[in-house]
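Colleague:
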Amino acid sequence: MLIDPRTAGAQPPFPQKKLQPPGSQSDMTPTPDCGEASYVGSGRLAGRRALITGGDSGIGRAVAIAFAREGADVAISYLDESDDAGSTAKLVEEAGQKCLMLPGDIREEEHCKSLIRRTVDAFGGIDILVNNAAWQMTRHSILDIPSEEFDRIFRTNVYATFFLCKAAVPHMAGGSAIINTVSINADSPKPTLVPYAATKGALQNLSGGLALALAEKGIRVNCVAPGPIWTPLIPSTMDEEEVSKFGGQSPFKRPGQPAEVAPAYVLLASGQASYISGATIAVTGGVPMI
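In the numbering used here, the protein residues as written are 3 to 292.
1) For Lys219, I'd like the list of residues in its chain whose CB is within less than 8 Å of its CB, leaving aside the five on either flank, ordered along the chain.
2) Could you give the first and the last residue of the continuous alpha helix (DSSP H) run that contains Cys225?
3) Identify whether Pro105 lies in helix, strand or coil by the three-state DSSP scheme.
4) Answer with buried or exposed for Ser44, where buried requires no fewer than 16 other C-beta atoms within 10 angstroms of its C-beta.
5) Quick check on the DSSP output: the alpha helix (DSSP H) that includes Tyr267 runs from which residue to which?
6) Label Asn207 either buried or exposed according to how many other C-beta atoms from any shown protein chain fall within 10 Å of its C-beta, with 16 as the threshold for buried.
7) Could you give the C-beta distance for Ala135 and Gly258, rounded to a whole number, given that I count them as a contact under 8 Å?
8) Can you grab the Cα-Cα spacing for the pair Phe125 / Asp146, in whole Å?
9) Nearest-angstrom Cα distance between Pro17 and Glu244?
10) Output the boundary residues of the alpha helix (DSSP H) element that contains Tyr198.
11) Considering Cα atoms alone, identify which of Ala70, Gln138 and Ser178 is closest to Asp153.
12) Locate the beta strand (DSSP E) running through Thr183, then write down its first and last residues.
13) Is the stretch 237 to 251 in contact with the stretch 199 to 215, if contact means three or more CB pairs nearer than 8 Å?
14) How big is the Cα-Cα spacing for Pro24 and Pro234?
15) Please confirm whether Gly37 and Ala12 have their CB atoms less than 8 Å apart.
16) So the candidates are Ala162, Ala91 and Ile155; which of them puts its Cα closest to the Cα of Ser116?
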């Protein structure tokens, strides 16, 4: 069946009210589509063991659902969004897979080490690491960006990725995969998201370096670069007016849904991507990444 990308997801305007960060998926209007009713697996990740940061909602939830339905056990790391995380865990378990819920702040290196250790202890190893959790905040001037906020964005988006990769690699065998969520902002920085865009550029470069450094171990490192995707981070960190028309400027005149991003992660995690490393898959709704 053909799916017309212009009408495959909700189109603005959205009646969404601003949420308190980091936001809850259950409070969003419309509710994001994470593939709950649509994703059908085919065993591409059978027997794999994955850790997904930010796995409670949005893209992370969609990836957790897809991985589980492809046969992987899934650990989900999240800050404190217990209701969203519980819903995701239930979906993973309904797919017949184990789910480990791991709350806490990934800005701290010791917590990142703990995430890897607990995943390995629970599943007997780790084959896939998805560094997806992120923080951002809309600011209309550099003068409005508190230094502590700049630090929080870098520690959440970049430092945590480094901490987790460093802790995970000793437990990873050849054929394992690291997938980092970057953004279209890595190439086209948005002026109201200056620190966030800078972290995504840094992550893309970090991923390229790691791909080269870990090739000798047979570990692949890649990025997924989403464009405007309808997740809790949007109504909790952007102005209401911007949220109401979110994604409307894309070529398809709408934001993407998390379910439309997850297949890229499945590909990069699977053996079908055995010769793909150091790459970035753009899921931007038609906006080219240069």
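Heads up, the beta-carbon is just placed ideally off N, CA and C, and yes, glycines get one too. Given the structure is predicted, the values throughout are model-derived calculations rather than measurements.
Modeller: The relevant details are as follows:
1) Contacts found: Val171, Met174 and Gly176.
2) Per DSSP, Cys225 belongs to no alpha helix (DSSP H); it is in the beta strand (DSSP E), Arg222 to Pro228.
3) If DSSP states are grouped into helix, strand and coil, Pro105 belongs with the strands.
4) exposed
5) Pro260 to Ala271
6) Looking at its Cβ environment, which holds fewer than 16 other Cβ atoms inside 10 Å, Asn207 is exposed.
7) The pair is not a contact, with the Cβ atoms about 19 Å apart (cut-off 8 Å).
8) 44 Å
9) 11 Å
10) Val196 to Leu216
11) Gln138
12) Ala179 to Thr183
13) no
14) 7 Å
15) no
16) Cα-wise, what sits closest to Ser116 is Ala162.
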